[in-house]
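**Student:** Here you go, one structure.
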Amino acid sequence: MSRLQIPLTEEGYAQANEAFRHCWSGDRWEVLNAIQAHLPTISDSHITVLGIGVGDGEFDEQFIDLIQQKAGPLFIKYTAVEPNQVQLQGFAKRLSAMPTIQLNLQSVRAEDFVFDQQFDIIHYIHSLYHVPEHEERLIRESLASLKPQGCFVAALSTEQGGIYQMMHAFWNVIDYSAFTSGLFGQESLQKLLDQNRITYDYQRFPDIYIDVTACFDMQSELGKHLLNFVLQANIQHAPTEVYQQALAKLKALAYEEHGIYKLSHGSGVFVLRREQEREVST
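According to the numbering used here, the sequence shown is numbered sequentially starting from 35.
The structure is reproduced here in structure tokens:
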């Protein structure tokens, strides 16, 4: 049996991602607090930031507010890498009006980005999932591109999370060939860093969940987009039997509280500092 080829378009992914954020209990404040505790000392009149897989900039807007609260009205040189044109346009719309920011928008895949300068902060906020077989190289190049005292931040969900379990359940039904080396979550990143003897700070947030109640309302556009995100596919284009199987699996994985169906999807954040970096094994 051939696998269903039902990938999301750029616009479809942007809509699915927005639905997910609307229904996600979120780890943004936890990630921001972790960054705040590790913000490098800035000696220049500006700070350089590289965001890989920035989406529409919702996190980055909060991140910039944090920098300005912590370090004052610094001029920020912000390089944003995002291959999804729809989301990158949203990023530009959200951040381009800020007077103290110089944006460098890069509409390229993360694995094609050229590291040709050094940065105070490099972040991958829930984006390392989308660079199969390039994770280690990107981490190496990112660490090499940090300024002294600079920091690298990566947020990832646990591989025991609901989205991973849903995708695994349909791995032989839906064509997930884009995820060539499996699903890369916080456990895989921790293993990679340990194998390469790279020191890191790591915080887990096991109580994060997704409110998937809308997925069971056949009239809900939010629910349709959210189910697409949970399966990382346009499940609306799947045969009715597969669609119903997806809903049944989702209900089996979710837990109910006061009429709300919650899908556990724990998260974590890793912070690496330039001075922490050890010799990386070859």
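Using N, Cα and C, we set each Cβ at its ideal position, and we do this for glycine too.
Keep in mind that this is a model prediction, so the values were computed, not measured.
1) Take the Cβ of Thr316 as the centre, count every other Cβ of all protein chains shown within 10 Å, and call the residue buried at 16 or more, exposed below.
2) Look up Gly91 in the DSSP assignment and give the residues it is bridged to.
3) Please return the same chain residues whose Cβ sits closer than 7 Å to the Cβ of Phe239, not counting the five positions on each side in sequence.
4) Tell me which residues share the same chain as Arg312 and place their Cβ nearer than 7 Å to its Cβ, disregarding the 5 neighbours each side in the sequence.
5) What's the gap between the Cα of Glu145 and the Cα of Lys258?
6) Can you give the Cα-Cα distance for Lys127 and Ile135, rounded to whole angstroms?
7) Using only alpha-carbon positions, find the residue among Glu167, Gln96, Gly91 that is nearest to Leu139.
8) Which partner residues of Ile110 appear in the DSSP bridge assignment?
9) Within a Cβ cutoff of 8 Å, which residues of the same chain sit near Asp251, ignoring the five residues on either side of it in sequence?
10) Measuring CB to CB, does Val115 end up less than 8 Å from Ile86?
11) For His292, which option in Ile269, Asn268, Pro273, Asp245 has the closest C-alpha, if you only look at C-alpha atoms?
12) For the structure I just gave you, are there three or more beta carbon pairs, one from the stretch 190 to 209 and one from the stretch 35 to 53, closer than 8 Å?
13) Less than 8 Å between C-beta atoms, sequence neighbours within five positions excluded: which residues of the same chain meet that for Gly184?
**Tutor:** On the basis of the data shown:
1) Residue placement at Thr316 cannot be trusted, given a pLDDT of 36 that sits under 50; what the coordinates show is reported in the next sentence. For Thr316, the number of other beta carbons within 10 angstroms of its own is below 16, and it is reported as exposed.
2) DSSP output for Gly91 lists no bridge partner at all.
3) The beta carbon of Phe239 sits closer than 7 Å to the beta carbons of Asp61, Glu64, Gly300, Ser301, Gly302 from its chain, once the five residues preceding and following it are set aside; these are given in chain order.
4) Confidence is the limiting factor: at Arg312 the pLDDT is only 47, short of 50, which leaves the residue's position unreliable, though a coordinate-based value still follows. Excluding its 5 nearest sequence neighbours in each direction, Arg312 has C-beta neighbours in its own chain below 7 Å: Arg231, Ile232, Thr233, listed in chain order.
5) C-alpha separation (whole angstroms): 30 Å.
6) The straight-line gap from Cα to Cα measures roughly 13 Å.
7) Check the Cα spacing between Leu139 and each of Glu167, Gln96, Gly91: the tightest is with Gly91.
8) The beta-bridge partner set that DSSP reports for Ile110 consists of Ile81, Ile135.
9) The beta carbon of Asp251 lies closer than 8 Å to those of Gly257 in the same chain, with the five residues before and after it left out.
10) Yes, the Cβ-Cβ distance between Val115 and Ile86 is below 8 Å.
11) For the residues Ile269, Asn268, Pro273, Asp245, the minimum Cα distance to His292 belongs to Asp245.
12) Yes, the stretch 190 to 209 touches the stretch 35 to 53.
13) Only Pro74, Gln152, Phe153, Asp154, Ile155, Ile156, Arg307, Arg308 meet the Cβ criterion.
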